[in-house]
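K.L.:
Pasting in a structure now, in structure tokens, and then I'll have a few things to ask.
Numbering (our numbering), first residue to last: 1 to 105.
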């Protein structure tokens, strides 16, 4: 894959992620604040909270923005690619934030 094509795909994934980034980052910040206060004693709870809120976001975006998938499909990106990439990125932000907070404290 050429460098230009990869940059273009990243821009397309970012465009899709922006459609639910505010909600997702809000839940991440809630989890981070709980982790900051209670440390690893709440990790399993915030992990599953983040997982289930991600699934709820998936449901709402999938339900209310169905027709947008045609736009991404016409750009050569499948629905599965969109979700795996963006949810993977979002979950990576969550995990990296947890690691950062645990190292700072």
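Yeah, the Cβ is synthetic: ideal placement off N, Cα and C, and Gly gets one too.
Hey, how far is the Cα of residue 89 from the Cα of residue 38?
P.N.:
Working through the chain shown from its first residue, we reach residue 89 at position 89. Working through the chain shown from its first residue, we reach residue 38 at position 38. Computed Cα separation, rounded: 25 Å.
K.L.:
Whose C-alpha, out of 32, 4 and 20, is nearest the C-alpha of residue 100?
P.N.:
Working through the chain shown from its first residue, we reach residue 100 at position 100. Nearest option by C-alpha distance: 32.
K.L.:
Could you spell out where the alpha helix (DSSP H) holding residue 102 opens and where it closes?
P.N.:
Locating residue 102 in the chain shown gives position 102, where the first residue counts as 1. Element bounds for residue 102: 79-104.
K.L.:
What are the start and end residues of the alpha helix (DSSP H) that includes residue 5?
P.N.:
By one-based count along the chain shown, residue 5 stands at place 5. Start and end: 3-18.
K.L.:
Looking at C-beta atoms only, is the number of pairs between the region 6-24 and the region 66-78 that lie closer than 8 Å three or more?
P.N.:
yes
K.L.:
Roughly how many angstroms lie between the CA atoms of residue 42 and residue 105, to the nearest whole one?
P.N.:
Taking the chain shown and counting its residues from 1, the one referred to as residue 42 is at position 42. Taking the chain shown and counting its residues from 1, the one referred to as residue 105 is at position 105. Between the C-alpha atoms of residue 42 and residue 105 there is a straight-line separation of about 15 Å.
K.L.:
Put residue 34 into one of helix, strand or coil per three-state DSSP.
P.N.:
On the chain shown, position 34 is the one that residue 34 refers to. Three-state DSSP puts residue 34 in a helix.
K.L.:
By DSSP, does residue 67 sit in helix, in strand, or in coil?
P.N.:
Here residue 67 corresponds to residue number 67 of the chain shown, with the count starting at 1. Residue 67 falls in the coil class under three-state DSSP.
K.L.:
Applying the 10 Å Cβ sphere with the 16-neighbour rule, what's the burial state of residue 95?
P.N.:
Working through the chain shown from its first residue, we reach residue 95 at position 95. By the neighbour-count rule (16 or more Cβ atoms within 10 Å), residue 95 is not buried but exposed.
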